[in-house]
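Peer 1: In case it helps, my numbering puts the sequence shown at residues 1 to 178.
Virtual Cβ for every residue (Gly too), placed ideally from N, Cα, C.
Being a predicted model, the structure only gives us computed values, none of them experimental.
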Amino acid sequence: MKLNLGSIEIEIAKGDIANQPELEAIVNAANAKLAPGGGVAGAIHAAAGPVLYKECRHLEPIKPGEAVLTSAYNLPNKFVIHCLGPVYGRDKPESELLANCYRNSIRIAEEAGITSIGFPGISTGIFGYPSNLAVEVAFNTVLAELPRIKNLKKIKFVVFNTEDLQLYHIKLKKISAG
Ligand code: ADP
């Protein structure tokens, strides 16, 4: 499903964040040490190759809400923006820290002149953030940033399972209904 808001296209799709060839940048739901690990980070590092972690070692550690930019190496993208989501129930205020992930990723993308970006459901895996709450933060933060966006033309939410896709659909429908 797609929605055009001004000059920016918002898309939601089920898929693997490490296999998004049409996007210039993808966002990694990273850990503080920017290490491979599981979930999104595991998939991204596996596809990018070990040289990604070599670059990451110079940039870690990062704090919840922070984001950093690297090359994408063997991934079909140009850049990876690594951000650390909050661990639900531990890093507070969770919604503010999660919003910072989306805000800082967009800011970094804009600074680099990136035109398309893909987000996974940051914090909704191992970090335990309920998807129904995270989707509100993700969309509301992106919508609030739209007036400041100059370079980005496409923002894609890449979700991994059907239940999450349904949540994103409902939210995007609400937005398109105004
Ligand atoms: P976090 O540690 O921030 O919670 P995870 O990587 O554990 O990050 O999971 C974040 C979300 O991404 C979860 O909803 C999970 O189902 C989903 N996910 C896991 N692997 C992938 C992938 N390869 N592509 C897209 N989404 C993924």
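#1: So does residue 17 have its beta carbon nearer than 7 Å to some heavy atom of the ligand ADP?
#2: Considering only residues of the same chain and omitting the five flanking positions on each side of residue 73, which have a CB-CB separation below 6 Å?
#3: The ligand ADP and residue 122: does any heavy atom of the ligand fall closer than 7 Å to the residue's C-beta?
#4: From the DSSP output, in three-state form, read off residue 96 for me.
#5: Can you tell me where the beta strand (DSSP E) with residue 87 in it begins and where it stops?
#6: What do you get for residue 147, buried or exposed, if any count of 16 or more other CB atoms within 10 angstroms of its CB means buried?
#7: Is the stretch 54–63 touching the stretch 102–115 in the sense that three or more CB pairs, one from each, lie closer than 8 Å?
Peer 2: Taking the geometry as given:
#1: The count along the sequence shown starts at 1 and reaches residue 17 at position 17. Indeed, a heavy atom of the ligand ADP lies less than 7 Å from the Cβ.
#2: Within the sequence shown, numbered from 1, the residue matching residue 73 stands at position 73. Around residue 73: 48, 49, 51, 52.
#3: Within the sequence shown, numbered from 1, the residue matching residue 122 stands at position 122. Yes, since a heavy atom of the ligand ADP falls inside the 7 Å radius drawn around the Cβ of residue 122.
#4: In the sequence shown, residue 96 corresponds to position 96, counting from 1. Helix, per DSSP.
#5: Your numbering for residue 87 matches position 87 in the sequence shown. From DSSP, residue 87 is part of no beta strand (DSSP E); its letter is neither H nor E.
#6: To locate residue 147, count along the sequence shown from 1; it is residue 147. Residue 147 is exposed by the Cβ-count criterion.
#7: no
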